[in-house]
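Trainee: Handing you this structure, nothing more for now.
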Amino acid sequence: MREQQKTTINQKLTRRALGGFSALLVVLAAPSPPAWAAPKGEMAPLNAPAPANASAVDAPFLVHGKTMNLQSFKGQPIMLWQVATWCKSCAAGLKTMAENLDLIHGSNLKIIILRDYQNGGYPGEEMEKFVAANAPALLHDPHFIIGEDTEELFQRYNPHHYVDVYHLIGSDGRIVAISSAPSATFDKIAQFIKAEGKS
Amino acid sequence: MSGELSERVLIVPRALSLALGSRRAMLATSLAFLVFTVLYAMILPATFTGGAIGLVSLRFLDWGTFALALLMGLLLALTLALAVYSFRCGAGAKPAGSALGAILAMLPPLLCCSPILPLTLSAVAAVLPAAGALGIPVQGFIATHESEIYGIAAALLVWGLYGNAQRVLSCAYHPRAASIGALSESRSDCCQADAAREI
Chain A
1 MREQQKTTIN
11 QKLTRRALGG
21 FSALLVVLAA
31 PSPPAWAAPK
41 GEMAPLNAPA
51 PANASAVDAP
61 FLVHGKTMNL
71 QSFKGQPIML
81 WQVATWCKSC
91 AAGLKTMAEN
101 LDLIHGSNLK
111 IIILRDYQNG
121 GYPGEEMEKF
131 VAANAPALLH
141 DPHFIIGEDT
151 EELFQRYNPH
161 HYVDVYHLIG
171 SDGRIVAISS
181 APSATFDKIA
191 QFIKAEGKS
Chain B
1 MSGELSERVL
11 IVPRALSLAL
21 GSRRAMLATS
31 LAFLVFTVLY
41 AMILPATFTG
51 GAIGLVSLRF
61 LDWGTFALAL
71 LMGLLLALTL
81 ALAVYSFRCG
91 AGAKPAGSAL
101 GAILAMLPPL
111 LCCSPILPLT
121 LSAVAAVLPA
131 AGALGIPVQG
141 FIATHESEIY
151 GIAAALLVWG
161 LYGNAQRVLS
171 CAYHPRAASI
181 GALSESRSDC
191 CQADAAREI
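Residue numbers (this note's numbering), protein chains in the order written: chain A, 1 to 199; chain B, 1 to 199.
So this is what it looks like as C-alpha cells:
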C-alpha cells in the first residue's frame with residue numbers, strides 16, 4: 001500500500017518536473033520580447049521614439065584625420081550611423097546599403113558612417129578596412145562619408161553606447177527617427193528617403 | 001581503453017532506442033525537433049539584425065547557421081525524449097547541462113549587437129556604477145568569439161544528452177536502484193539546504 005502511494009507521488013512529481021523542464025526549454029528557446037519588434041515605426045535601439053521637435057545639434061567628426069561638422073550638411077537629409085567594426089549587424093547593414101544603392105543614388109541623402117569613439121571600447125579593425133571588406137562600393141560613393149566619431153559626437157548622439165545606432169535627420173534639421181541595424185530596418189530608411197523627396 | 005570508450009559512446013543510442021521505442025514518443029520527439037530547429041533557425045541569424053527575430057532574421061540564414069540550428073534542435077529534442085523517459089521511470093532528469101547549452105547558444109544573437117545589454121547595464125549602473133563600463137567589452141567579446149561560444153553550447157548539450165542517457169539505462173535495467181538514487185539525491189539536497197540554514 002505504502003509502495004503504491006510512493007509510486008503515485010513519484011509519478012505526480014515526475015509529471016510536474018517534466019512539465020517544468022519542457023516549459024524551461026520553450027522559454028529558453030523563445031526570443032526576448034524586444035527582439036520581436038518588427039522593423040517599423042521608431043524602432044531604436046529597438047523602439048525609442050524620436051524626441052519630439054528635437055533638432056540635431058552640431059558635433060564634429062573625423063574623415064581621413066580631418067575634422068568635419070554636421071553643420072556643414074545643413075539643408076540636406078542625413079543618416080548619421082555609428083558602428084563598431086567588430087559588430088556583425090553593422091557589417092550586414094553595410095551590405096544592405098550596397099544592395100540599395102539605386103534608391104540612395106536617386107535621393108540627396110548623405111549617409112555619414114562613423115566608427116564609434118574608440119570603436120566603442122573594444123578593439124577592432126580600421127573603418128576603411130571594415131567597409132572595404134563588406135561593401136567596397138560605398139568607399140568612393142559621393143552619398144557616403146566614412147569616418148570616426150569624436151568623443152563629443154559620441155556623447156551627444158550615442159549616450160547609451162549602443163553598438164549599432166543611426167539617426168535620420170531631415171533637411172529641416174529635425175531628428176525624424178533613431179534606430180539600429182539597417183539590415184533589419186532598411187524600410188524605415190526607404191520611407192525617410194521618400195518623405196524627403198528625390199534630388 | 002578503446003573498448004571502454006565505445007561502451008560509453010554506445011550508451012546514447014541504447015538509451016535512445018528505449019526512449020523512442022513507442023510511436024507516440026517518436027512523434028513527440030520529431031515535433032520537438034522541428035519546433036526547436038525552427039526557433040534556432042530564427043534566433044541564430046539575429047546576430048546580423050541587431051537582435052530582431054522572425055522573418056527578418058530568417059533572411060540571413062546561411063547553410064552554416066542552418067546546420068548549427070539543426071544540431072541544436074536535434075540535441076535538445078533527443079535530450080527531452082530521454083528526460084521524459086527517465087522521469088516516467090522515476091529516475092529524475094539532469095536538465096542543467098542542456099539548459100546551460102540552450103542559453104549559451106542564444107547569447108551571441110541576442111546580446112552581440114542589440115541594445116539589450118547596454119540598456120540592462122545602464123539600469124544596473126544606477127546602483128552599481130562600475131557595471132556600466134562592462135557592456136561593450138562583453139558585447140565585443142561575444143561578437144568576436146561566436147564560434148567558440150557555439151562550440152561550448154553544443155558540448156554542454158552533448159553532455160546533457162549523455163547524462164540523461166545514463167539515467168535512462170540505469171533506470172531501465174535497475175529501476176529500483178535508480179529511483180532510490182533519485183530519492184537519495186533529493187534527500188541530500190534537502191539536507192544540504194538544511195545545513196546551510198543552520199549555518
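For glycine and all other residues, C-beta sits at the position ideal for the given N, C-alpha and C.
For the beta strand (DSSP E) containing residue 81 of chain A, name the first residue and the last one.
Mentor: Numbered from its first residue, the first sequence carries residue 81 of chain A at position 81. Note, residue 81 of chain A: beta strand (DSSP E), 78–83.
Trainee: Give the secondary structure of residue 154 of chain B by DSSP, where H, G and I count as helix, E and B as strand, and everything else as coil.
Mentor: Your numbering for residue 154 of chain B matches position 154 in the second sequence. If DSSP states are grouped into helix, strand and coil, residue 154 of chain B belongs with the helices.
Trainee: How would you list, in chain order, the residues of chain B whose beta-carbon sits under 7 Å from the beta-carbon of residue 72 of chain A?
Mentor: Along the first sequence, one-based indexing puts residue 72 of chain A at 72. In chain order: nothing, as chain B lies at least about 29 Å away.
Trainee: Which chain A residues are close to residue 48 of chain B, counting only those with a beta carbon under 7 Å from its beta carbon?
Mentor: Walking along the second sequence from the start, residue 48 of chain B turns up at place 48. By Cβ distance, chain A contributes 88, 89, 92 and 183.
Trainee: Which residue marks the beginning of the beta strand (DSSP E) containing residue 147 of chain A, and which one marks its end?
Mentor: Residue numbering aside, residue 147 of chain A sits at position 147 when the first sequence is read from its first letter. First-last of the beta strand (DSSP E) with residue 147 of chain A: 144–149.
Trainee: Under a three-way DSSP split, which group does residue 130 of chain A fall into?
Mentor: Taking the first residue of the first sequence as 1, we reach residue 130 of chain A at position 130. Residue 130 of chain A: helix per DSSP, three-state reduction.
Trainee: Run through DSSP, which three-state label would residue 167 of chain A get?
Mentor: In the first sequence, residue 167 of chain A corresponds to position 167, counting from 1. In the structure shown, residue 167 of chain A sits in a strand (DSSP, three-state: E or B).
Trainee: Applying the criterion that 16 or more other CB atoms from any shown protein chain within 10 Å of the CB defines a buried residue, is residue 139 of chain B buried or exposed?
Mentor: Translated into positions along the second sequence, residue 139 of chain B becomes position 139. Classification of residue 139 of chain B: buried, given that the 10 Å Cβ count is 16 or more.
Trainee: Measure the CB-CB distance between residue 91 of chain A and residue 122 of chain A and report whether it falls below 8 Å.
Mentor: Counted from its first residue, the first sequence places residue 91 of chain A at position 91. Counted from its first residue, the first sequence places residue 122 of chain A at position 122. No, the pair does not count as a contact, with Cβ atoms beyond the cut-off.
Trainee: Anything in chain A within Cβ reach of residue 137 of chain B, meaning under 8 Å, just list it in chain order.
Mentor: Here residue 137 of chain B corresponds to residue number 137 of the second sequence, with the count starting at 1. Going along chain A in sequence order, the residues near residue 137 of chain B (Cβ under 8 Å) are 121 and 122.
Trainee: Assess, as a yes-or-no matter, whether the region 161–176 of chain A is touched by the region 101–121 of chain A under the definition of 3 or more beta carbon pairs within less than 8 Å.
Mentor: Contact between the region 101–121 of chain A and the region 161–176 of chain A is present, because at least three Cβ pairs lie under 8 Å.
Trainee: In the DSSP output, which residue or residues are listed as bridge partners for residue 68 of chain A?
Mentor: For the purposes of this step, residue 68 of chain A is taken as the residue at position 68 of the first sequence. Answer by DSSP bridge pairing, in chain order: A/61.
Trainee: Do residue 108 of chain A and residue 76 of chain A have their beta-carbon atoms positioned less than 8 Å apart in this structure?
Mentor: Working through the first sequence from its first residue, we reach residue 76 of chain A at position 76. Working through the first sequence from its first residue, we reach residue 108 of chain A at position 108. Yes. Within cutoff.
Trainee: Of all Cβ atoms in chain D, is any one closer than 8 Å to the Cβ of residue 140 of chain B?
Mentor: Given the protein chain composition of this structure (A and B), no chain D is represented.
Trainee: Let me check one thing: in DSSP terms, what residues is residue 112 of chain A bridge-paired to?
Mentor: Here the question's residue 112 of chain A lines up with position 112 in the first sequence. In the DSSP output, where bridge partners are listed per residue, residue 112 of chain A has A/80 and A/145.
Trainee: Could you tell me whether any Cβ in chain A is nearer than 8 Å to the Cβ of residue 19 of chain B?
Mentor: Position 19 of the second sequence, counted from the start, is the residue given in the question as residue 19 of chain B. Answer no: the Cβ-Cβ gap between residue 19 of chain B and chain A never drops below 8 Å.
Trainee: So if I threshold CB-CB distances at 8 Å, which residues from the region 132–164 of chain A count as touching chain B?
Mentor: For the region 132–164 of chain A, which is checked against every Cβ of chain B, the residues closer than 8 Å are 160, 161, 162, 163 and 164.
Trainee: By DSSP, does residue 37 of chain A sit in helix, in strand, or in coil?
Mentor: Residue numbering aside, residue 37 of chain A sits at position 37 when the first sequence is read from its first letter. Low per-residue confidence applies at residue 37 of chain A: pLDDT is 32, beneath 50, and the placement is therefore not dependable, though the value from the model is reported in the following sentence. Three-state result, residue 37 of chain A: coil.
Trainee: Strictly by DSSP, which residues pair up with residue 174 of chain A?
Mentor: For the purposes of this step, residue 174 of chain A is identified with residue 174 of the first sequence, where counting begins at 1. A/55.
Trainee: So, with DSSP's three-state summary, where would you put residue 180 of chain A?
Mentor: In the first sequence, residue 180 of chain A corresponds to position 180, counting from 1. Three-state DSSP puts residue 180 of chain A in coil, outside helix and strand.
Trainee: Please check the pair residue 61 of chain A and residue 150 of chain A, which I expect to be a contact at CB under 8 Å, by giving their CB distance rounded to whole angstroms.
Mentor: For the purposes of this step, residue 61 of chain A is identified with residue 61 of the first sequence, where counting begins at 1. For the purposes of this step, residue 150 of chain A is identified with residue 150 of the first sequence, where counting begins at 1. Indeed they touch by this definition, with Cβ atoms about 6 Å apart.
Trainee: Which chain A residues are close to residue 144 of chain B, counting only those with a beta carbon under 7 Å from its beta carbon?
Mentor: If you number the second sequence from 1, residue 144 of chain B lands on position 144. Near residue 144 of chain B (Cβ distances below 7 Å), the residues of chain A are 86.
Trainee: Taking one C-beta from the region 48–67 of chain B and one from the region 8–28 of chain B each time, how about it: are there three or more such pairs within less than 8 Å?
Mentor: Cβ pair count under 8 Å is below three, so no.
Trainee: Do residue 29 of chain B and residue 81 of chain B have their C-beta atoms closer together than 8 Å?
Mentor: For the purposes of this step, residue 29 of chain B is taken as residue 29 along the second sequence, with counting starting at 1. For the purposes of this step, residue 81 of chain B is taken as residue 81 along the second sequence, with counting starting at 1. Contact: yes.
Trainee: For a contact defined as C-beta to C-beta under 7 Å, what are the partners of residue 33 of chain B on chain A?
Mentor: As a first step, residue 33 of chain B is located in the second sequence; it is residue number 33 there, counting from the start. Residues of chain A passing the Cβ test: none, with the nearest at roughly 12 Å.
Trainee: Restricting to Cα atoms, I'd like to know which of B/79, B/71, B/40 and B/73 is closest to residue 60 of chain B.
Mentor: Locating residue 60 of chain B in the second sequence gives position 60, counting from the first residue. Answer by Cα proximity: B/40.
Trainee: Do residue 127 of chain A and residue 104 of chain A come within 8 Å of each other at the CB atom, strictly closer than that value?
Mentor: Numbered from its first residue, the first sequence carries residue 104 of chain A at position 104. Numbered from its first residue, the first sequence carries residue 127 of chain A at position 127. Not in contact: residue 104 of chain A and residue 127 of chain A (Cβ atoms no closer than 8 Å).
Trainee: Kindly indicate the opening and closing residues of the alpha helix (DSSP H) around residue 46 of chain B.
Mentor: Locating residue 46 of chain B in the second sequence gives position 46, where the first residue counts as 1. Note, residue 46 of chain B: premise wrong, no alpha helix (DSSP H); not H, not E.
Trainee: Using a beta-carbon distance below 8 Å, is residue 66 of chain B in contact with chain A?
Mentor: Working through the second sequence from its first residue, we reach residue 66 of chain B at position 66. No - not a single Cβ of chain A is within 8 Å of the one on residue 66 of chain B.
Trainee: Compute the beta-carbon to beta-carbon distance between residue 138 of chain A and residue 97 of chain A, rounded to the nearest angstrom, for a pair I have assumed lies under 8 Å.
Mentor: In the first sequence, counting from the first residue as 1, residue 138 of chain A sits at position 138. In the first sequence, counting from the first residue as 1, residue 97 of chain A sits at position 97. Right, their Cβ atoms sit about 6 Å apart.
Trainee: Would you report the Cα separation of residue 120 of chain B and residue 52 of chain B, rounded to the nearest angstrom?
Mentor: Along the second sequence, one-based indexing puts residue 120 of chain B at 120. Along the second sequence, one-based indexing puts residue 52 of chain B at 52. Each residue's Cα considered, the two are about 17 Å apart.
Trainee: Give the DSSP-derived three-state secondary structure of residue 107 of chain A in the structure shown.
Mentor: Counting from one through the first sequence, the residue named residue 107 of chain A turns up at place 107. In the structure shown, residue 107 of chain A sits in a strand (DSSP, three-state: E or B).
Trainee: Which word fits residue 9 of chain B, buried or exposed, when buried means at least 16 other C-beta atoms lie within 10 angstroms of its C-beta?
Mentor: By 1-based counting over the second sequence, the position of residue 9 of chain B is 9. Under this definition residue 9 of chain B is an exposed residue.
Trainee: In terms of residue numbering, what span does the alpha helix (DSSP H) encompassing residue 63 of chain B cover?
Mentor: Against the second sequence, residue 63 of chain B aligns to sequence position 63. That run of the alpha helix (DSSP H) goes 63–89.
Trainee: Could you give the distance in angstroms between the alpha-carbon of residue 86 of chain A and the alpha-carbon of residue 183 of chain A?
Mentor: Taking the first residue of the first sequence as 1, we reach residue 86 of chain A at position 86. Taking the first residue of the first sequence as 1, we reach residue 183 of chain A at position 183. Those two C-alpha atoms are separated by around 16 Å.
Trainee: If we ignore side chains and look at the alpha-carbon of each, how far apart do residue 56 of chain A and residue 155 of chain A end up?
Mentor: Against the first sequence, residue 56 of chain A aligns to sequence position 56. Against the first sequence, residue 155 of chain A aligns to sequence position 155. Rounded to whole angstroms, residue 56 of chain A to residue 155 of chain A spans 13 Å at the Cα level.
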